[in-house]
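Everything below concerns the one structure shown next.
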């Protein structure tokens with residue numbers, strides 16, 4: 001599987017985890033979860049378009065930039081989940 | 090968990106995460122705006138191509154020499170003018186949005202909050218209504234659908250959504266009930282002696 005696909009699948013996993021945590025979070029955590037989900041939704045929209053462009057035009061430069069942004073999003077989501085876990089201890 | 094917003098480490102950590110996420114969202118939007126401009130130029134060129142073809146075939150017929158001469162006479166300047174005219178209004182909107190995004194990024198780098206940039210997340214990505222307001226009014230079920238939809242849109246490209254769905258089922262069955270009680274206690278301010286393990290949080294379990 002291509003690198004960008006691996007990252008996209010991982011982002012999908014993280015989105016699912018935060019989406020399922022969200023109903024149980026207090027307001028400020030929930031707001032943060034909303035924002036993370038919104039960004040992931042934006043990435044999903046961009047990814048669909050840029051994969052199409054890569055397949056049709058063979059240009060994957062923008063997709064590579066998006067993949068880096070998705071990696072950053074995954075790290076940020078991990079930080080958020082860690083923060084939630086830390087505050088359970 | 091309850092403390093001064095300027096000194097509470099949890100709130101500071103949340104603020105850092107929010108800012109980092111806002112920066113990523115803005116850069117993603119910038120990428121998309123840039124791509125939209127490229128697509129706009131490509132669309133303009135396609136329109137020019139159609140117009141040129143129509144002009145050539147209607148005026149020059151099948152005579153290749155005449156057709157070439159007409160194309161030369163019309164010239165690239167005239168055709169480019171048509172493209173600029175067609176794309177002008179949409180292009181100016183995209184440039185305006187890109188400028189807003191740039192200013193938003195600068196505000197973040199100066200330490201301002203995302204809300205101080207005057208942009209909403211929804212506007213950043215699609216120019217539509219404010220998703221924060223939508224989510225505030227949405228039920229948990231609606232949000233779950235948004236989350237599922239996001240996940241689907243991403244994994245659908247990879248034809249692996251069946252595996253992801255199976256993983257989600259496992260999360261729901263095994264981890265959610267456990268986490269639910271602990272997180273609710275946490276939300277109400279009670280401390281917990283035991284934490285959810287990282288295995289519980291991982292999508293594969």
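Residue numbers (this note's numbering), protein chains in the order written: chain A, 1 to 89; chain B, 90 to 294. Each residue gets a CB set at the ideal place from its N, CA and C atoms; glycine is no exception.
Delimiting residues of the alpha helix (DSSP H) encompassing residue i
i, result
"residue 4 of chain A", "3 to 21"
Cβ of residue i within 7 Å of any chain A Cβ
i, result
"residue 101 of chain B", "no"
"residue 115 of chain B", "no"
"residue 269 of chain B", "Low confidence applies here, because residue 269 of chain B scores a pLDDT of 49, under 50, leaving its location unreliable; read the following figure in that light. Judged by the 7 Å Cβ criterion, residue 269 of chain B is in contact with chain A."
"residue 218 of chain B", "For residue 218 of chain B, the predicted model reports a pLDDT of 40, less than 50, meaning its position is unreliable; a value from the coordinates is still stated below. For residue 218 of chain B, the answer is no, since every Cβ of chain A falls outside 7 Å of its Cβ."
Contact with chain B by residue i, beta-carbon distance below 7 Å
i, result
"residue 58 of chain A", "no"
"residue 39 of chain A", "yes"
"residue 63 of chain A", "no"
"residue 35 of chain A", "yes"
Proximal residues of chain B, C-beta to C-beta of residue i below 8 Å
i, result
"residue 28 of chain A", "100 and 103"
"residue 76 of chain A", "106, 109, 110 and 113"
Residue i beta carbon near the ligand ADP (any heavy atom closer than 6 Å)
i, result
"residue 108 of chain B", "The ligand ADP is not part of this structure, which contains no ligands at all."
* To do: For the region 97 to 109 of chain B and the region 18 to 37 of chain A, state whether three or more C-beta atom pairs, one from each stretch, are separated by less than 8 Å.
  => Taking one beta carbon from each stretch, the region 97 to 109 of chain B and the region 18 to 37 of chain A have 3 or more pairs nearer than 8 Å; the two touch.
* Asked: What runs of the alpha helix (DSSP H), each 4 residues or longer, lie entirely inside the region 26 to 75 of chain A?
  -> Qualifying alpha helix (DSSP H) stretches, in chain order: 27 to 57.
* Any chance the region 4 to 12 of chain A sits against the region 25 to 32 of chain A, with 3 or more Cβ pairs inside 8 Å? -> Touching, no, given that fewer than three Cβ pairs across the two stretches are closer than 8 Å.
* Asked: Are the region 68 to 82 of chain A and the region 40 to 47 of chain A touching by the rule of at least three beta carbon pairs closer than 8 Å?
  -> These segments touch.
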